[in-house]
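These notes concern the structure reproduced below.
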Amino acid sequence: MRYLSTSYDLVYFQTFFEPTHLGTMQQQYRVILYYKFASLAEPEHWVAEHREWCRDHGLKGRVYISEEGINGTLGGTTEHISAYKHFLWSKKGFEDTVFKEDECDHIPFARLSVKYRPEIVSLHAGTELDPVTDGGNHLQPEEWRRLMESGEEYVMIDVRNQYESRIGHFEGTLKPKVDQFYDFPKWLDESGIEKDKKILMYCTGGIRCEKFSVLMKKNGYSDVNQLHGGILNYARKEGGKHFRGKCFVFDDRLVVPVNPEEQDPVSYCDITGEPCDMYINCANMECNRLFICSEKGAALMEGCCSEACRRHPHKRPFDPEKAYAPFRRWYHYFDRSFKSRADGQ
């Protein structure tokens, strides 16, 4: 099963890139993505401070903090997002934190979650991985495109889960059949990729490549390269050339375009088989499976992934006019008897 409950990274454009071409209408909200690998002696203190600050300023989203740094995505008003960036920049060791930012007509998060995590992105490699000193070579979007067009031999790896790469990917890439980022070490052991190959890797915003590039180098790969800023940074700088489909993001939007000239779906509705690249969570609260579904398929199955789920007593109400409305937690639809079901009460 897949739940839309964790975030590795989202990608937008760098804050130093001003969106002057987006039209005259100014949007009210901003969404930021950021991460910074830096040593933190008291991450629990950071968690408490960040939670209080974000709540006081009405920000929503997810922030993970550990001894190795911070990884977050937040949404709020333009004023409060700007204030948050300066708040983090004021912290010793985080003065050069890079924010990727996008305009939005609403805050695409239901709530705020600030948590301690042993890793700000969980690879579970069983060995220390330090992206600050041991990471791969960062390729700017222009360098990445030129390399793809050069005719040079390389192995390109999509460092995302298979439900992400299913709806969009670069041409000629390996798409590992993994369900979690921490499945990648095992996948690498079994991949059979020769150690002397030139490696290109990419993910949504860059943070997963930071960790996986270190792991590959520790496993004997010497020519390891990663796309700086991830897929959507590439989209902003290079127009998404050589990318097919769309990009999965971990907020209420779920899917965003990459290449304006290649927006046809590369995947298919799990219900009807028609071309589709939109995800929904199964309306059966006992299932919650994330699956690709067209509006027609959603109407046929009342938002469920199977006939059994459609007939399940814990099925959320379905509105065909809001087929792609974001999934919410059980208490939006059921009383406390739903929560106590596992205890046989």
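Counting in this note's numbering, the sequence shown runs from 15 upward without gaps. Each residue gets a CB set at the ideal place from its N, CA and C atoms; glycine is no exception.
Nearest in C-alpha terms to VAL77, of all of ARG131, PRO122, ALA124, GLU93, is ARG131. A residue is called buried when at least 16 other Cβ atoms come within 10 angstroms of its Cβ; ASN273 meets this threshold and is buried. Between the stretch 254-262 and the stretch 101-118 there are fewer than three C-beta pairs closer than 8 Å, too few to call the two in contact. The beta carbons of LYS50 and PHE108 sit closer together than 7 Å. According to the DSSP assignment, GLU115 belongs to the beta strand (DSSP E) that extends over 113-118. For secondary structure counted as the beta strand (DSSP E) over 3 or more consecutive residues, the stretch 220-256 holds these complete runs in sequence order: 238-241. With contacts defined by Cβ atoms closer than 7 Å, GLN240 and GLY182 do not form a contacting pair. Here CYS261 is bridged, per DSSP, to VAL270. A straight line joining the alpha-carbon of GLY287 with that of LEU188 spans about 24 Å. Per the C-alpha coordinates, the member of PHE305, ALA322, SER80 positioned closest to GLU133 is SER80.
Per DSSP, PHE108 lies in no alpha helix (DSSP H) segment and is marked neither H nor E.
By the Cβ neighbour-count rule, GLU58 is exposed, with fewer than 16 other Cβ atoms within 10 Å of its own. Contact between the stretch 212-228 and the stretch 121-131 is absent: fewer than three C-beta pairs spanning the two stretches fall below 8 Å.
Where THR87 is concerned, the enclosing beta strand (DSSP E) starts and stops at 83-91. The beta-carbon distance between ASN85 and ILE285, rounded to whole angstroms, is 34 Å. This is too long to meet the 8 Å contact definition. Within a 10 Å sphere around the beta-carbon of SER179 sit 16 or more other beta-carbons, which makes this residue buried. For SER53, no alpha helix (DSSP H) run applies, since DSSP gives it neither H nor E. SER308 is classed as buried because its beta carbon has at least 16 other beta carbons within 10 Å across all chains shown. Counting of Cβ neighbours within 10 angstroms places PRO334 among the exposed residues, the total staying below 16. Taking GLN154 as reference, the option from GLU142, TYR98, GLY243 with the minimal CA-CA separation is GLY243. DSSP places ILE46 in the strand class (E or B) of the three-state scheme.
Distance from the CA atom of LEU54 to the CA atom of VAL135, rounded to whole angstroms, is 15 Å. For TYR78, the enclosing beta strand (DSSP E) begins and ends at 74-80.
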